[in-house]
Amino acid sequence: MNKYILFDLDGTLIDSLPLIRQTFEHVFREMNLPWEAEQTIDTVGLPLIEVCRRFGGERQQEMFDRYLRHQETLHDHMIRGFPGAVACLTELRRKGLSLGVVTAKRRQMALRGLQLAGMAEFFSTVVAMEDTAKHKPDPEPVLKAMEGLKADPALTVFIGDSPFDILAGKNAGIKTIGATWGMAAAERLLAHQPDFLVEDWDQLLQYLLPVSSIPAC
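In case it helps, our numbering puts the sequence shown at residues 6 to 222.
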């Protein structure tokens, strides 16, 4: 029985790909850099400064600052939760499971996104970029969230849509679930051997809870 459930944020709980893609495309164009859509999206899950280091080089701080400024203008009207997420989170909490979020996003924006998506009330702990020295795929943020929930590793699972999530969970010694509705294709997730792969929130609940107790989301 899984009692402690950790979620990634962007691409797992929140459909932020349009926002991320549009912001990066704008910044690359402003900086006269070649827009590398697939390569850039593949880095989602890493801290923003690390992504800017990879693509901005010596101009990483400029890229970082431009990204934050432009994202701020778009964020609130582009952020939304994935359909079915709130209903399913409600059921998980109703069954007494403890929920947490592990993200490389800045705390202010992570909490704002959860609030806008109507999800903030479900989570007992949120581990954001500022909370740890190391980030996914290192296990430190996952372990920090487990500490916040007082979680037993044997009863904990981490759900995410990127290889960084799967690796972080494995490195923390817990079960992992790959969510294919996010930013990484199923093949990329399977290459890192998650314990389970889900295509929608109903399938996720079937894994986490006894089938007889699951309502349609």
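Every residue gets a Cβ at the ideal spot worked out from N, C-alpha and C, and that includes glycine.
Model, not experiment: these values are computed from the prediction.
- Shown here for Arg-85: same chain residues with a beta carbon closer than 8 Å to its own, the five before and five after excluded, namely Ile-19, Asp-20, Leu-121, Ala-122 in chain order.
- Taking a C-beta distance under 9 Å as the contact criterion, Leu-11 and Met-83 do not qualify as a contact pair.
- Annotation: the continuous beta strand (DSSP E) that includes Phe-201 extends over 201-203.
- DSSP, read as helix, strand or coil, puts Ala-138 in coil.
- With a threshold of 16 other beta carbon atoms within 10 Å, Thr-28 meets it and is buried.
- The bridge partners DSSP lists for Ser-103 are Tyr-9.
- Assignment of Gly-61 by DSSP, reduced to helix, strand and coil, places it in the helix class.
- The alpha-carbon separation between Leu-51 and Ile-179 amounts to approximately 20 Å.
- Between Val-106 and Phe-128, the CB-CB gap stays under 9 Å.
- The beta carbons of Arg-74 and Met-36 sit no closer together than 9 Å.
- The Cβ neighbour count for Gly-187, taken over all protein chains shown within 10 Å, is at least 16; the residue is labelled buried.
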